[in-house]
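Data block below; observations after.
Protein chains in written order, with my numbering: chain Y, 13 to 306; chain B, 40 to 197; chain W, 38 to 719.
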């Protein structure tokens, strides 16, 4: 098989890795490599500088506290599935199980899935709903010119720039994700193929008690740059009693177009509308097995 | 780059460019031809190997990532009792696999049945979809997987 | 199956061409043209190291030609490049990486020439073949009709995966070139290798593996690299392994089949006239266009009673890689058109599609659309009735129509719609062309002094289980233990030439020839001295049976038939289509091995659904529940029928009809995407 020229560095600790990354910010960070090997590293005649991450054990740790669970960016998807009891999210579990065949999930990693250029795949919207925070690390020279490692936690929302691309400064990388526990009792997850390997997905987390919606988080994504989480519509739904009356239902459906601008692709607009309707129906009659699983 | 790793339970090393894919290294350097070099894109699954006890598509693994790890191919797995379970199960169920996918299908079934001792429908589907080849009907394969699982359970009990 | 062999197979002990290595072996890669057609003016090769060689057409020791039906394809470009990715030369060297590096530095200068005219223009430069089926007087038929209906159908052919890759290994031992490769057509490979390397056919020995479902689409593709590899081995006098890289010539090009119908119906809903114009992209050289187009015309005519028929087919050339024959050699694809039309006609005449079919299907004593007489009672009406009963087709179809008719009166939008569709198809294991390159087939059986039986097939059976079945069959027939029976798939011979192992020929024609030669051996066995050698040869049918020029006569001697019912569910909220169940009724004589047959059918269902749903693969989770019924009649002289293409012919049309019913739209083209159905809902 043809292979383009590579230069590979395998730093043995995070400090070395970040120092190298700072020196050469054009380098590619490789964890599982499932996306890189298929889509990025096949342009002939280009020279790639690669920084390997898989040997760094600190990036493969999973831990938990009372309020959240943390996963290193190199934790594989299958390991996340196996340790589902730590993350305590049926929605996350569902999403992870749908991410490709078993052997691919053994290579693909959390960080890799979040950082695919130009595409926000399955994991991003779910982590967004769970109010995940992301640890960014980088190194900075001190006065004595030695490097020191810095870290900051940002909300996953702030990971993206306005044009939907990953918004990290040169030399910065994601090292951990912190996923708070969500005590809701309702989840909704639908993924519909739009074209080729693009899907529109709707994810929702909610708390509904005696028919009254006390909390809701709702997100639509099309795996490209379309990510819609609209607080207005969430606010509009909050406090409502389900099942909705016809008037309320029609009003909510009518309002949808104010909150979500119609997409270029009419099929996407159609899906958003209908999946939203399905969500309302599901809230009115939540499936039993989704309530209080964790 | 010198890469030291354990291959089919034996420590070994290989001097190859670090960017080479594991599938090519195992086939060319070690003549382990039970894994096929087919799509090269992580689609067909015919190059599956066991890396640190986990199934992976070896065409998706750059060889530098296996340093210090253990790799098992179908040639190594064929020496285990697990292989015999699959062999007996497939034979009894009449699973006639083609020459091309047979080794990988055997490996994925054997390894995943270690994990899913009594596989349910979703887990069987997961075993089936690890390798993409049209040679054998899903029904026959499912029968083979279930028989293998029963044989394995019996062996483990005794 | 032998237990050790089975164990060896599972343990990965079977070696493929890409697994072969030997001392002093050199690697070879094909250098291909860039992305446009034109006259090749110059190939600029960088200075090659001593151990490397770049071979062009003029360097071949033999002929640079592949004589295929309807065209002679150059192995390497001499002057004119017709499609992107056409092979320009072969580069050999000891290190594959250096080979690839230097390969990417080879540049060529091509003077661009105009492409082939588009299909809409009838230009002799681009039209490879035109075929026509004509019966009766079309104008009279149209005049008699009470209702004239039109239909336009389009199908885009799916990408057929080709694993294993075309890797080829060639080594020379004692004056013979030993080739390891995958092929369905060993005779063609041998002939071509001998032509290209200017050696005798006896000097070429082939070894091959059976692997996966190769379909028919790639039957000759391995012959070109094989011939070039042998030529390189003969020049270099070293073993050569050709590495087939993924290239632009292999990348998927969508190909369209368009069929336009005009049909006349009388007041009872019977066909009075049928006119069709079909066109298909034949690729750059139009190889096999004649056979494929004949089969397309034949299936586009269907097998409905009609006195006045005119079916005209055109295969046009384009600047894309040659790709014929497609899966089933065109027969299944044509059924999509005629079965879509049949469903449309049934609907327009207010009849249930099953009843319409039984009313219009040709009967014993009628004439086929090709004017041959139907000599035997066709099993199709019973099959249609049977499958209707099992799938509850009539009720479900009527209910589906009713729901759609009443939907405007409904206040509520249902969460989903169901649809059901039906289609029938037939298959013949013979070629319609009388070209010996395709039709030749023979089996030579020798009973040796020691009692061993050796059978030379000159063909590669579609599945390895066929060999086991044949062994069992011969053992029973001749009372020879199975261990003493051996098969030679290919024997170097200057004379013998066999057609490709496609269209179920290996399970039908070869079984027949094996039976024939074994019967002859049995007759002579205790009368003549051993060894006894007997050859059974496939006899082509006479021109009175089938005239390939005017397309008149009975096309297939022993056709197989299929009826399919496809159940579709359409989710209103997402427009997602699901196929929960498929019922299949198949009549193909004796089934040698039901498990293999079922496996083949399942694989064809997967391919057919890929064709329908524009998916690369059908996952186990969405694979439909299959209900397969083999209609084996119990008469004594049972034939062995073919299976290939039966399901591929029937399922797409049944699927499209089911979707039409579920969505309330007239679906006329495949594949479908959920988004395509949207406009119907709005």
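Glycine included, C-beta positions come from ideal geometry on N, C-alpha and C.
Values in this document were obtained by computation on a predicted structure and should not be read as measured data.
In the DSSP assignment, residue 555 of chain W falls within the unbroken alpha helix (DSSP H) covering 546 to 561. Against chain W, the CB of residue 153 of chain B has no partner CB under 9 angstroms away; the residue lies outside that interface. Within chain B, not a single residue places a beta-carbon under 9 angstroms from that of residue 339 of chain W; the smallest gap is close to 29 angstroms. Here residue 219 of chain W is buried: its Cβ has 16 or more other Cβ atoms, across all protein chains shown, within 10 Å.
Residue 186 of chain B places its beta carbon 9 angstroms or farther from that of residue 166 of chain B. When Cβ-Cβ separations below 9 angstroms define contact, residue 282 of chain Y makes contact with chain W. In its chain, beyond the 5 residues on either side, 47, 71, 73 have a beta carbon closer than 8 angstroms to the beta carbon of residue 114 of chain B. For the segment 49 to 112 of chain B, the continuous beta strand (DSSP E) assignments of 3+ residues that do not extend past its boundaries occur at 49 to 54, 87 to 90, 93 to 96, 109 to 111, in sequence order.
Legend: CB atoms of the segment 129 to 144 of chain B lying less than 8 angstroms from CB atoms of chain Y are not found in any residue.
Between residue 496 of chain W and chain B, the shortest Cβ-Cβ separation is not below 9 angstroms. Under the 10 Å beta carbon count, residue 157 of chain B is surrounded by fewer than 16 other beta carbons and is classified as exposed. When 8 angstroms is used as the limit between beta carbons, residue 207 of chain Y is near these residues of chain W: 710, 712, in chain order. Residues of the segment 38 to 59 of chain W that bring their beta carbon within less than 8 angstroms of a beta carbon in chain B comprise 38, 40, 43, 44, 46, 47, 48, 49, 50, 51, 52, 53, 55, 56, 58, in sequence order.
Assignment of residue 86 of chain Y by DSSP, reduced to helix, strand and coil, places it in the coil class.
Here the alpha carbon of residue 710 of chain W sits roughly 55 angstroms from the alpha carbon of residue 515 of chain W. A residue is called buried once 16 or more other Cβ atoms fall within 10 Å of its Cβ, and residue 139 of chain W is buried on that count. For a Cβ distance threshold of 9 angstroms, residue set 135 of chain B lies close to residue 633 of chain W, ordered along the chain.
At least one C-beta of chain W is nearer than 9 angstroms to the C-beta of residue 171 of chain B. Taking C-beta atoms under 8 angstroms as the contact rule, residue 103 of chain B and residue 239 of chain Y fail to qualify, at a distance of about 34 angstroms. In the pairwise beta carbon analysis, the segment 617 to 636 of chain W is classified as touching the segment 591 to 604 of chain W: at least three pairs are separated by under 8 angstroms. Against residue 176 of chain B, chain Y offers no close residue; the least beta-carbon distance is about 19 angstroms (beta-carbon pairs closer than 8 angstroms).
A Cβ of chain B is located within less than 9 angstroms of the beta carbon of residue 88 of chain Y.
In the three-state scheme derived from DSSP, where H, G and I count as helix and E and B as strand, residue 443 of chain W is classed as helix.
Among the CB atoms of chain Y, none fall inside 9 angstroms of the CB of residue 71 of chain B. Annotated three-state conformation of residue 125 of chain W is strand, per DSSP. Assigned with DSSP and collapsed to three states, residue 156 of chain B falls in coil, not helix or strand.
Residue 124 of chain W and residue 586 of chain W have their C-alpha atoms some 33 angstroms from each other.
Looking at the DSSP output, residue 153 of chain Y sits in a beta bridge with Y:159. Around residue 131 of chain W, the same chain offers 63, 88 as residues with beta carbons nearer than 6 angstroms, after the five sequence neighbours per side are excluded.
Taking one beta carbon from each stretch, the segment 176 to 185 of chain W and the segment 96 to 114 of chain W have fewer than 3 pairs nearer than 8 angstroms; the two do not touch. The Cβ-Cβ distance between residue 150 of chain B and residue 61 of chain B does not fall below 9 angstroms. Counting along the chain, residue 191 of chain W sits inside the beta strand (DSSP E) bounded by residues 184 to 193. By the C-beta density criterion, residue 187 of chain Y is buried, having at least 16 other C-beta atoms within 10 angstroms.
When C-beta distances to chain Y are compared with 8 angstroms, the residues of the segment 594 to 610 of chain W below that value are 609, 610, in chain order. Identification of chain Y residues near residue 184 of chain B by a Cβ-Cβ cut-off of 9 angstroms yields none; the smallest Cβ-Cβ distance measures about 13 angstroms. For residue 647 of chain W, the secondary structure class from DSSP, reduced to helix, strand or coil, is helix.
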